[in-house]
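Working notes, beginning with the structure itself.
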Amino acid sequence: MQEDKPVTISVKDLDLWYGATRALNKINLDIESRSITALIGPSGCGKSTFLRTLNRMNDLIDGVRIEGSVRYDGRDIYAPETDVIDLRKQVGMVFQKPNPFPMSVYDNIAYGPRVHGIQDRSVLDEIVERSLVQAALLEEVKDRLHKSALGLSGGQQQRLCIARVLAVEPDVVLMDEPTSALDPISTAKIETLLEDLKKRYTIIIVTHNMQQAGRVSDKAAFFLTGDLVEYSTTKDLFFNPKDERTENYISGRFG
Amino acid sequence: MVKRRLFERGVEKVLFACAFLSVAAVLFITVFLFQRGIPLFRKVSVLEFLFSTRWEPTAENPGYGILSFILGSLWVTLLSLVIAVPVGLSAGIYLAELSDKRSSTAIRSAVELLAGIPSVVYGLFGIAVITTISRTVFGGSGYNVASAALVLSIMTLPTIINITEVSLRALPRELKEGSLALGATHWQTIVKVLLPAARSGILAGVILGMGRAIGETMAVLMVGGNAPIPPEGLSGMVRTLTMNIITDMSYAVGDHLTSLFTTGIVLFLFILILNLIVQLALKSSISGIEGDTGA
Ligand SMILES: Nc1ncnc2c1ncn2[C@@H]1O[C@H](COP(=O)(O)OP(=O)(O)OP(=O)(O)O)[C@@H](O)[C@H]1O
Ligand SMILES: [Mg+2]
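Those protein sequences? They're chains A and B, same order as listed. Mapping the first sequence onto the numbering used here, position 139 (from 1) lands on 126, and the numbers just tick up by one. In the numbering used here, each residue carries its 1-based index in the second sequence increased by 3.
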């Protein structure tokens, strides 16, 4: 496929420990920009842990120790001079469970721009509208922008969370099983959305759903007990796996 | 098998009896209080009782107006909240979000201890320390609204700190992570997302603290001055509803005695209303986080 896309995130020899337990072993991986990379693997293999190293969400957990390097845009994000706030502005995240704030739809989306200093109402209006369009949600919520976001359906809430991330104009969007709590129709909507978003953003998505990984991703990484077993184009990984463990997992999952 | 079933039935009955006992106690107290207090209104109108400041129960032409004490209770309670809420909120936020494990354990046990100190000891502390400060600041005896409010604020602090901390900790982790992942700072996250999300719980804590302050008797009695007049500012002496009951109870007879029960009814209604507000606040906090508030 498009092997020559520029690299956005470059991970070298990344190790991660939760206290004394090692959760990631010497991960090496380059993420291409403007593409969708899927992270797959059995439960507990370290997909979420890996994803959260990319925007330093693991900083919040006591006892986490990290070695190796993660370079975003050429700079080591674990270097002491890195501004975590800036990093997270650039590398946004959508969570497994939709997590809208208990405030209005509008305020949810304006939250990011506001904390980054944008106060002008008309600018905010514009950002909110643009983000809702990008997240394919505007039609459904335009009459209830100022009502609580908690009143939306799960699928709408998840697209709202995507819109909220897009509102801060990130470069990379990390998604941890974004559709696992949703019904098939909402899932399909988000998958369609991903196709569209990929033109502008670099997306890394964790998923347990092999069909989903097959449908949406350009490249796929297979994790097993903290190791990155195989990383290649999704096509190759699914139909032409080099590693026996990958093959077993894929064939098992497709049944 | 059969024996086991019988045993479980028995346990169920005992538990039900205990639960019923607490309901019965509330009913019993209510009925008793009203039965003893209501007859006063044959002599004095409700309006006069509530809105007159003439409290001369032993005079030739007795006056039974408790407005001074209602005002006294409100004054010291609200003033104590003005002090306790900002301090308690800050401490609760610190415990839930900022402190490390070791210092929060230390602070938490200190707060628990504070909650367990008998109110008479607070009163002693009030006499020894707080009235002295009050005297220096305001002149006069030092036994006044300010002293009573200050003692009460220390007493309500544990409730407010605890509930603030618990409400913040009870929030789903995703809320905090969602905010931080957008590039918000920790402090922005606390102020703009966590506190608003926990506000009903925190409000419930404040009202619970308020209930404690209104009902407190001994500590305020020891530092409030206890003059049966409307409180005049921070340095004025104050008598609260509770103080009124306890002060006159030892010698009151006849209508005077009845009027103390009637004072009790007013106090009871205050607490009842506060409790209702707490329940409503808690209900809306649950639906606010999980349910549909949009519709
Ligand atoms: N906060 C934590 N403290 C200690 N160990 C943790 C923590 N979070 C995850 N782990 C452990 O790290 C390993 C990887 O967990 P992780 O959540 O990254 O797996 P995952 O691949 O995302 O699994 P799933 O598909 O179930 O989401 C697991 O063994 C897990 O128990
Ligand atoms: Mg996971």
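Where is the CB? At the ideal position from N, CA and C, for every residue including glycine. This one's a predicted model, so the numbers in the text were calculated from it and none came from an experiment.
- Look at residue 247(B) here: in three-state DSSP terms it is helix.
- Relative to residue 164(A), the option among 142(A), 155(A), 153(A) whose CA is nearest is 142(A).
- Taking 7 angstroms as the cut-off, the C-beta of residue 99(B) does not count as close to any heavy atom of ligand 1.
- Between the alpha carbons of residue 6(A) and residue 48(A) lies a gap of roughly 10 angstroms.
- Relative to residue 19(A), the option among 10(A), 11(A), 61(A), 34(A) whose CA is nearest is 61(A).
- Counting along the chain, no alpha helix (DSSP H) covers residue 238(B), and no H or E run does either.
- Taken from the Cβ of residue 168(A), every heavy atom of ligand 1 lies 7 angstroms or farther away.
- Residue 6(B) sits exposed, since fewer than 16 C-beta atoms from the chains shown fall within 10 Å of its C-beta.
- DSSP places residue 220(B) outside both helix and strand once states are collapsed to three, so it counts as coil.
- Interface flag for residue 192(A) against chain B is unset, since no Cβ pair is found closer than 8 angstroms.
- The way I'd put it, the segment 124 to 134 of chain B doesn't touch the segment 57 to 66 of chain B; fewer than three beta-carbon pairs between them come closer than 8 angstroms.
- Beta-carbon to beta-carbon, residue 21(A) and residue -8(A) are separated by about 6 angstroms, close enough to satisfy the 8 angstroms threshold.
- The C-alpha of residue 157(B) is placed about 29 angstroms away from the C-alpha of residue 265(B).
- Checking the 7 angstroms criterion, the Cβ of residue 79(A) is out of range of every heavy atom belonging to ligand 1.
- Within 10 angstroms of the beta-carbon of residue 95(A) lie 16 or more other beta-carbons, which makes it buried.
- If you keep only unbroken beta strand (DSSP E) runs of at least 3 residues inside the segment 95 to 172 of chain A, you get 159 to 163.
- Comparing alpha-carbon positions, the option among 187(A), 182(A), 173(A) lying closest to residue 201(A) turns out to be 182(A).
- C-alpha of residue 99(B) to C-alpha of residue 209(B): approximately 17 angstroms in a straight line.
- The Cβ neighbour count for residue 208(A), taken over all protein chains shown within 10 Å, is at least 16; the residue is labelled buried.
- Distance from residue 159(A) to residue 14(A) at the Cβ level is roughly 17 angstroms; contact not present, criterion being Cβ atoms closer than 8 angstroms.
- In its chain, beyond the 5 residues on either side, 143 have a beta carbon closer than 7 angstroms to the beta carbon of residue 127(A).
- Annotation: residue 171(A) to residue -1(A) spans about 37 angstroms, alpha carbon to alpha carbon.
- Residue contact check for residue 180(B) against chain A: a CB pair falls below 8 angstroms.
- For the segment 170 to 198 of chain B, residues whose beta-carbon sits nearer than 9 angstroms to a beta-carbon of chain A comprise 175, 176, 177, 178, 179, 180, 181, 182, 183, 184, 185, 186, 187, 188, 191, 192, 195, 196.
- Residue 34(A) has its CB nearer than 7 angstroms to a heavy atom of ligand 1.
- Here the alpha carbon of residue 223(A) sits roughly 24 angstroms from the alpha carbon of residue 180(A).
- Rounded to the nearest angstrom, the Cβ distance from residue 69(A) to residue 191(A) is 19 angstroms, too far for a contact under 8 angstroms.
- Judged by DSSP in its simplified three-state form, residue 13(A) adopts strand.
- Taking 7 angstroms as the cut-off, one finds no heavy atom of ligand 1 near enough to the beta carbon of residue 191(A).
- Apart from the 5 residues on each side of it in sequence, residue 124(A) sits with its Cβ closer than 7 angstroms to the Cβ of 143, 146, 147, 150 in its chain, given in chain order.
- Taking 8 angstroms as the upper bound for CB-CB distance, residue 242(B) and residue 230(B) are in contact here, some 6 angstroms apart.
- Contacts with chain B at 8 angstroms (Cβ-Cβ) do not include residue 6(A).
- In the DSSP annotation of this structure, residue 55(A) is not part of any alpha helix (DSSP H); the continuous beta strand (DSSP E) holding it starts and ends at 51 to 59.
- The C-alpha of residue 260(B) is placed about 34 angstroms away from the C-alpha of residue 207(B).
- Within chain B, the residues placing a beta-carbon under 9 angstroms from that of residue 151(A) are 181, 185, ordered along the chain.
- Here residue 40(A) carries a helix assignment [DSSP, helix/strand/coil].
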